[in-house]
Amino acid sequence: MSEAPILSVEDLAVGFTGPDGRRTRAVDGVSFSVAPGRTLGIVGESGCGKSVTSLAVMGLLPRTGTSVTGRVLFDGRDLLTESERTLRDLRGDRLAMIFQEPMTSLNPSYTIGDQIVEAIVRHRAVGKREAAERAVEMLARVRIPEPARRFHDYPHRLSGGMRQRVMIAMALACEPRLLIADEPTTALDVTIQAQILDLMRALREETGTAVVLITHDLGVVAEVCDDVAVMYAGQVVERAPVEELFRFPQHPYTVGLLGSLPRFDRARGRLAAIEGTVPDMSRPPAGCRFAARCPFRITRCETMPDLVEIGGDRATRCWRAPLEELAA
Amino acid sequence: MTPGSATASATAPDADAFVIESPGRRAWRRLRRRPAAMASLVVVLVIVACALLAPWIAPYDPTAQSWSAVRQAPSAAHWLGTDEVGRDVLSRVIWGARASLAAGVISVLIAMAAGIPLGLLAGYVGGWTDGVLGRVTDAMLAIPFLILAIALAAFLGPNLTNAMIAIGVTATPIFIRLTRGQVLAARSEEWVEAARAVGNPHWRIALRHVLPNVLPPILVQATLTIATAVIAEASLSFLGLGQQPPMPSWGSMLNSAQRFLAQAPWMAVFPGLAIFVTVLAFNVLGDGLRDALDPKGK
Numbered sequence: 002m003s004e005a006p007i008l009s010v011e012d013l014a015v016g017f018t019g020p021d022g023r024r025t026r027a028v029d030g031v032s033f034s035v036a037p038g039r040t041l042g043i044v045g046e047s048g049c050g051k052s053v054t055s056l057a058v059m060g061l062l063p064r065t066g067t068s069v070t071g072r073v074l075f076d077g078r079d080l081l082t083e084s085e086r087t088l089r090d091l092r093g094d095r096l097a098m099i100f101q102e103p104m105t106s107l108n109p110s111y112t113i114g115d116q117i118v119e120a121i122v123r124h125r126a127v128g129k130r131e132a133a134e135r136a137v138e139m140l141a142r143v144r145i146p147e148p149a150r151r152f153h154d155y156p157h158r159l160s161g162g163m164r165q166r167v168m169i170a171m172a173l174a175c176e177p178r179l180l181i182a183d184e185p186t187t188a189l190d191v192t193i194q195a196q197i198l199d200l201m202r203a204l205r206e207e208t209g210t211a212v213v214l215i216t217h218d219l220g221v222v223a224e225v226c227d228d229v230a231v232m233y234a235g236q237v238v239e240r241a242p243v244e245e246l247f248r249f250p251q252h253p254y255t256v257g258l259l260g261s262l263p264r265f266d267r268a269r270g271r272l273a274a275i276e277g278t279v280p281d282m283s284r285p286p287a288g289c290r291f292a293a294r295c296p297f298r299i300t301r302c303e304t305m306p307d308l309v310e311i312g313g314d315r316a317t318r319c320w321r322a323p324l325e326e327l328a329a
Numbered sequence: 245m246t247p248g249s250a251t252a253s254a255t256a257p258d259a260d261a262f263v264i265e266s267p268g269r270r271a272w273r274r275l276r277r278r279p280a281a282m283a284s285l286v287v288v289l290v291i292v293a294c295a296l297l298a299p300w301i302a303p304y305d306p307t308a309q310s311w312s313a314v315r316q317a318p319s320a321a322h323w324l325g326t327d328e329v330g331r332d333v334l335s336r337v338i339w340g341a342r343a344s345l346a347a348g349v350i351s352v353l354i355a356m357a358a359g360i361p362l363g364l365l366a367g368y369v370g371g372w373t374d375g376v377l378g379r380v381t382d383a384m385l386a387i388p389f390l391i392l393a394i395a396l397a398a399f400l401g402p403n404l405t406n407a408m409i410a411i412g413v414t415a416t417p418i419f420i421r422l423t424r425g426q427v428l429a430a431r432s433e434e435w436v437e438a439a440r441a442v443g444n445p446h447w448r449i450a451l452r453h454v455l456p457n458v459l460p461p462i463l464v465q466a467t468l469t470i471a472t473a474v475i476a477e478a479s480l481s482f483l484g485l486g487q488q489p490p491m492p493s494w495g496s497m498l499n500s501a502q503r504f505l506a507q508a509p510w511m512a513v514f515p516g517l518a519i520f521v522t523v524l525a526f527n528v529l530g531d532g533l534r535d536a537l538d539p540k541g542k
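If you read the sequences in order, they're chains A and B.
Going left to right, the first sequence walks through residues 2 to 329 as the numbering used here numbers them.
Going left to right, the second sequence walks through residues 245 to 542 as the numbering used here numbers them.
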């Protein structure tokens, strides 16, 4: 990464205290960074803390019962120490987010035009009329046919793919420096997924926005990301440029994830599954969190490995890296 | 076939044949298909017209006494008969609509004005705010509606304004409860999160984003509560805690009629009928509205 990162998250930890007093460490010592114009994928299974990480960056986690520590440096300032007022001014302006469920992330009581206009007027000193023109322009940019007519539509008139396009239009209306996309294509069917991913890639190239793409889908990662951070049980277990990760995964969990992908190029019987389940995060194990499910487990894994740089812009949290030697 | 019904039958696929239809317009189209609801809407409008036009359509002065025409049965001169001091019952029923409707509508407006903001606050803020408001509404709802209204009206003093306030206050917890529940459901929707993600402050999300989405059921409740409030006003007036003589109200007419039930039943029948029809109309209209506003309905 040559350019200075627009977002750099350092040692982020998020804990929730439930009503019963049990503390759950949802995110534990997560670090990553994204440069302008780049796309970072954060991959992991449900409950690994990837969505919580994105909400922490946006400052959207509930205040009560939540503890957030570490640093979230955006454009040089630590978002975790900024006031709610400052964060509100940033959100939707410099910092934008799109959500998993396009069917429910638009307000059913307003037209899509109204909702985009609201986002623009909130952050730009423009009148309603100018904002409306800008909104129509944004609808056109996300390839919505007949944008001027669609502007007056209520969300229930649009399909899921169209709604996700509207969400993207709204998110990009103020030309954010960073876009966080939390499973933006998960709720869509495959052909629409491909269209939305193409669109996101094209818009990123046009605008130079940095993108953090959160997904559990390695196919999506391969298609749009430049760099990947793999998360497991609240930690980043591996970080690498996308091609490197797919060619030489350096963490047993990544290996397991890749093994569970169906592939055309290799004849294989059954898909590999990762045995076992994710640890209970209110009582995480002391050592490596993946140890219980890891085929390469050794006694040393009872102490927690650090995320260490292993050269070539990559890092892994495994005592046994590099893993190639184990293949034999 | 209207364009509206065409879109209703054809769901999603033909995206190009669409007609823009706002939620309000859709509800109106669906309400129109319900004969009972439309009939009750007409009845409500007639009663409202009576109340508004009372000075012009009432054949007699509702307070003018006539000792030569005491307790007369219905006739060509007095269509609904006269009361114990010779006042025209028809004129009094028409004028009485003013007290009943005003009490029904204004007390419900009072209840909404207090209940919706409090419910919004309780549902949106949650925590101890919700706890305190919840306990207070529980306590109020534990007391029977009419008993509480009577107690409040007696405490405030007997006149129509105080009766409205008493009924309004009594009906407030209904709206707090309903609004809170709706807001709780709406709060967990993803579009609330999305609204925060574009930088909206909480007050704006509560007022502009959440409130419009919770209004339809509140509207239905308001219509049904008007019916309850009309009965409550009649009851308070019957007990002498509402409209004061000589101005007529259906409840106070019933009160004076009860002494002459055997000799002059028309004195009781017609105001009673007016209450019955009004309450029924508001109830049926409320039911129809509920169906028309139901997002899952057709």
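Even for Gly, the Cβ is constructed at its ideal location relative to N, Cα and C.
A quick note: this is a predicted structure, and the numbers were derived from the prediction, not measured.
Taking Cβ positions only, does residue i come closer than 8 angstroms to chain B?
| i | result |
| --- | --- |
| residue 1(A) | The question about residue 1(A) has no answer, for chain A in this structure spans 2 to 329. |
| residue 81(A) | no |
| residue 109(A) | yes |
| residue 124(A) | yes |
| residue 234(A) | no |
| residue 93(A) | yes |
| residue 190(A) | no |
Tell me, please, whether the CB atom of residue i is closer than 8 angstroms to any CB atom in chain A?
| i | result |
| --- | --- |
| residue 447(B) | no |
| residue 427(B) | no |
| residue 268(B) | no |
| residue 253(B) | For residue 253(B), the predicted structure reports a pLDDT of 37, less than 50, and the residue's modelled location is therefore unreliable. A value from the coordinates is still provided. Judged by the 8 angstroms Cβ criterion, residue 253(B) is not in contact with chain A. |
| residue 461(B) | no |
| residue 464(B) | no |
| residue 273(B) | no |
| residue 435(B) | yes |
| residue 450(B) | no |
| residue 534(B) | no |
| residue 431(B) | no |
| residue 366(B) | no |
Roughly how many angstroms separate the alpha carbons of residue i and residue j, rounded to a whole number?
| i | j | result |
| --- | --- | --- |
| residue 127(A) | residue 121(A) | 8 angstroms |
| residue 302(A) | residue 234(A) | 15 angstroms |
| residue 396(B) | residue 413(B) | 9 angstroms |
| residue 37(A) | residue 88(A) | 20 angstroms |
| residue 324(A) | residue 436(B) | 45 angstroms |
| residue 141(A) | residue 63(A) | 35 angstroms |
| residue 514(B) | residue 528(B) | 21 angstroms |
| residue 254(B) | residue 158(A) | Unreliable positioning characterises residue 254(B) in this predicted model, as indicated by a pLDDT of 36, which lies under 50. The coordinate reading is nonetheless provided below. The straight-line gap from Cα to Cα measures roughly 12 angstroms. |
| residue 355(B) | residue 361(B) | 10 angstroms |
| residue 86(A) | residue 77(A) | 18 angstroms |
| residue 110(A) | residue 449(B) | 13 angstroms |
| residue 475(B) | residue 523(B) | 7 angstroms |
| residue 499(B) | residue 481(B) | 8 angstroms |
Who are the near neighbours of residue i in its chain, counting only those whose CB is closer than 8 angstroms to its CB and skipping five residues on each side?
| i | result |
| --- | --- |
| residue 315(A) | 239, 240, 241, 242, 245, 246, 251 |
| residue 317(B) | 325, 508, 510 |
Excluding sequence positions up to five away, which residues of its chain have a Cβ less than 6 angstroms from the Cβ of residue i?
| i | result |
| --- | --- |
| residue 72(A) | 11, 79 |
| residue 155(A) | 112 |
| residue 252(B) | Note that residue 252(B) scores 38 on pLDDT, short of 50, meaning its location in the model is unreliable; the coordinates nonetheless yield the value given after this. There are no such residues. |
| residue 74(A) | 9 |
What residue does the alpha helix (DSSP H) around residue i start on, and which one ends it?
| i | result |
| --- | --- |
| residue 535(B) | 510-537 |
| residue 115(A) | 113-124 |
| residue 224(A) | 219-225 |
| residue 421(B) | 404-431 |
| residue 286(B) | 279-301 |
| residue 25(A) | Element bounds for residue 25(A): not the alpha helix (DSSP H) but the beta strand (DSSP E), 24-35. |
Note the first and the last residue of the continuous beta strand (DSSP E) segment covering residue i.
| i | result |
| --- | --- |
| residue 361(B) | Residue 361(B) -> not in any beta strand (DSSP E); alpha helix (DSSP H) instead, spanning 333-369. |
| residue 73(A) | 67-75 |
| residue 9(A) | 8-18 |
| residue 42(A) | 40-44 |
In its own chain, which residues sit with a C-beta less than 7 angstroms from the C-beta of residue i, not counting the 5 before and 5 after it?
| i | result |
| --- | --- |
| residue 198(A) | 186, 221, 224, 225 |
Does the segment 165-177 of chain A come close enough to the segment 94-102 of chain A that 3 or more CB-CB pairs lie under 8 angstroms?
yes
The segment 417-427 of chain B in contact with the segment 485-495 of chain B per 3-pair CB rule at 8 angstroms:
no
For the segment 321-331 of chain B and the segment 447-461 of chain B, state whether three or more C-beta atom pairs, one from each stretch, are separated by less than 8 angstroms.
no
Count the C-beta pairs between the segment 281-288 of chain A and the segment 190-207 of chain A that are closer than 8 angstroms, then say yes if the count reaches three, no if not.
no
If you pair each beta-carbon of the segment 211-224 of chain A with each one of the segment 293-312 of chain A, do three or more pairs fall below 8 angstroms?
no
Does the segment 427-437 of chain B come within contact of the segment 362-375 of chain B, defined as at least 3 CB pairs closer than 8 angstroms?
yes
I want to know whether the segment 51-61 of chain A touches the segment 431-447 of chain B - three or more CB-CB distances under 8 angstroms.
yes
Would you call the segment 337-351 of chain B and the segment 466-476 of chain B in contact, with 3 or more CB pairs under 8 angstroms?
yes
At least three beta-carbon pairs within less than 8 angstroms, the segment 224-232 of chain A to the segment 37-56 of chain A
yes
Can you confirm whether the segment 479-487 of chain B touches the segment 287-297 of chain B when touching is taken to mean that 3 or more C-beta pairs between the two stretches lie within less than 8 angstroms?
no
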